[in-house]
Amino acid sequence: MSLQKTIPQHRRLYEILRKHIQDGVYKEGDLLPSENELCQLYGMTRPTVRQSLSTLANDGYIRKHQGKGSIVHNLQREIGILSVSGTTSAVGDRNLKTKIIVKPLLMPWPADFMFTLTDLENESGCIYMERVRLLDDVPIFYDISFIANLNLPRITARQFEDRSLFQILRDYYRVEITGGEQRIKAIPATVKIGKLLQLKKNHPVLHMERKLETNNPGLFLYSSIYCNTEKYSIFGRF
1041 MSLQKTIPQH
1051 RRLYEILRKH
1061 IQDGVYKEGD
1071 LLPSENELCQ
1081 LYGMTRPTVR
1091 QSLSTLANDG
1101 YIRKHQGKGS
1111 IVHNLQREIG
1121 ILSVSGTTSA
1131 VGDRNLKTKI
1141 IVKPLLMPWP
1151 ADFMFTLTDL
1161 ENESGCIYME
1171 RVRLLDDVPI
1181 FYDISFIANL
1191 NLPRITARQF
1201 EDRSLFQILR
1211 DYYRVEITGG
1221 EQRIKAIPAT
1231 VKIGKLLQLK
1241 KNHPVLHMER
1251 KLETNNPGLF
1261 LYSSIYCNTE
1271 KYSIFGRF
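Mapping of the sequence shown onto our numbering: residues 1041 to 1278, in sequence order.
Now the structure itself:
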């Protein structure tokens, strides 16, 4: 059975319109097609269309204006970091930049590491790197990466400024992300985190700890990511 048939009609229309809003087909202040037009265009009943529009309004994408219709309002801004494709792929052609805070270097694993390591990982050490990811010049992520040092020659010499870590692993080492696990919780920003993300100390930030599996047995990527969600929400599709 196709995914399209398993999703309720009102939800399918909601997802179509939400994507069009996020992609800029409809911009702030634009009118969506009328209920009659949406019924004709997508072959749906008026109650179904109204349910979709009500959900869009409840989620902050549109506001209803009597006599005018549905007006795009307060666009939610989302970043698909919860994806194995990586932030760069999820963001697409938006203005994403990477600022290197600590260049890649080879070092022993921290003694109090966030995940349990294998004997092979402990023996091999890790490649450590700190980055800040900016979207439209707003610092969104402070990303501390740990990559098991297993057959990744010259990776510390690679250029990571404004480049995707996942893409570098694909292009030079044929390493693909296949899955993983992550823990997420809200914490107060430290002085350092606040400075890097342009937030006041103790401002709440989203902290993610991730262990990503690859197509190379025994090679895992770990990251500790601090997220500034003041302007952008974190979005994922599973």
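Ideal placement from N, C-alpha and C gives every residue a C-beta, glycine not left out.
1. Okay, do the stretch 1196 to 1215 and the stretch 1157 to 1166 touch, 3+ Cβ pairs below 8 angstroms being the bar?
2. Using 8 angstroms for Cβ pairs, my map puts residue 1155 next to residue 1262. What's the rounded Cβ distance?
3. Are the CB atoms of residue 1236 and residue 1172 nearer to each other than 8 angstroms?
4. Is it buried or exposed, residue 1250, if we count other Cβ atoms within 10 angstroms and call 16 or more buried?
5. Quick one: residues in its chain with C-beta nearer than 8 angstroms to the C-beta of residue 1081, no 5 flanking neighbours on either side, listed in chain order?
6. What's the call for residue 1053, buried or exposed, on a 16-neighbour Cβ count within 10 Å?
7. Specify, as a first and last residue, the run of the beta strand (DSSP E) that residue 1254 falls within.
8. Starting from residue 1241, follow its DSSP beta bridges and name the residues at the other end.
9. Report the rounded CA-to-CA distance for residue 1065 versus residue 1270, giving the unit in angstroms.
10. Below 8 angstroms on the Cβ atoms is my guess for residue 1188 versus residue 1216; work out the distance and round it to an integer in Å.
11. Taking 8 angstroms as the cut-off, decide whether the C-beta atoms of residue 1243 and residue 1227 are in contact.
12. Between residue 1101 and residue 1152, what straight-line distance do the alpha-carbon atoms span, to the nearest angstrom?
13. Please name the residue in 1222, 1268 and 1255 whose C-alpha comes closest to that of residue 1233.
14. What number of angstroms, rounded off, separates the C-alpha of residue 1124 from the C-alpha of residue 1224?
15. Excluding the five sequence neighbours on either side, which residues of its own chain have a C-beta within less than 6 angstroms of the C-beta of residue 1135, listed in chain order?
16. Taking the C-alpha atoms as reference points, what is the distance between residue 1192 and residue 1214?
According to the structure data:
1. no
2. 6 angstroms
3. yes
4. buried
5. 1073
6. buried
7. 1244 to 1254
8. Note: residue 1241 sits in no beta bridge, so no partner.
9. 24 angstroms
10. Not really, about 15 angstroms apart at Cβ, beyond 8 angstroms.
11. no
12. 43 angstroms
13. 1268
14. Per-residue confidence for residue 1124 stands at a pLDDT of 45, beneath the threshold of 50, marking its modelled position as unreliable; the derived number appears in the next sentence. Distance between the alpha carbons of residue 1124 and residue 1224 is about 16 angstroms.
15. 1176
16. 10 angstroms
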